[in-house]
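Notes to accompany the following structure.
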């Protein structure tokens, strides 16, 4: 097998753990400060420290990096884990606003950023549980 036969994971494309850490930190910084994000900020605890760690572990694994999430939490079951929160278009849009800004600031590779945006947009759409 030659190196070209092996696909590069998104985790590797974006720069690994350092980029995931910056991405998640910028995402939650935006959620904490943007007026447009108040609707989703209200769904979180005052202290965002623990959820930052959980999202970093999830995104690391989701992008093809080391399995840091599932050994501790099991299958993500994202819709089930979020079912107690009313997630409609406004919440999805606020989440994507924060994530797109964080992606712009942290993912240098434009193609990788666009690929992640598409994947995260699909995920955000799928998370809606009300009109």
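In our numbering, the protein residues as written are 4 to 134. Backbone N, C-alpha and C fix where the C-beta goes; we use that ideal spot for every residue, glycine too.
Item                                                                                                                : Value
Alpha-carbon to alpha-carbon, residue 134 and residue 31                                                            : 25 Å
Test item: CB-CB of residue 40 and residue 97 under 9 Å                                                             : yes
Residue 27, buried or exposed, once every other Cβ within 10 Å from all chains shown has been counted against 16    : buried
Classification of residue 129 by the beta-carbon crowding that lies within 10 angstroms, buried from 16 upward      : exposed
6 Å CB neighbourhood of residue 67 in its chain, flanking five on each side removed                                 : 12, 13 and 14
Per-residue DSSP class, three states only, for residue 110                                                          : coil
N- and C-terminal bounds of the alpha helix (DSSP H) containing residue 152                                         : The chain is shown only over 4 to 134; residue 152 falls outside these bounds and no answer can be derived.
At least three beta-carbon pairs within less than 8 Å, the region 110-120 to the region 16-26                       : yes
Alpha-carbon spacing of residue 65 relative to residue 50, whole angstroms                                          : 24 Å
CB contact flag (residue 76, residue 57, <9 Å)                                                                      : yes
Cβ-Cβ distance between residue 25 and residue 34 below 9 Å                                                          : no
Limits of the unbroken alpha helix (DSSP H) element including residue 66                                            : Where residue 66 is concerned, there is no enclosing alpha helix (DSSP H), given that its DSSP letter is neither H nor E.
Other residues of its chain near residue 82: CB distance less than 8 Å, five sequence neighbours each side excluded : 129, 130 and 132
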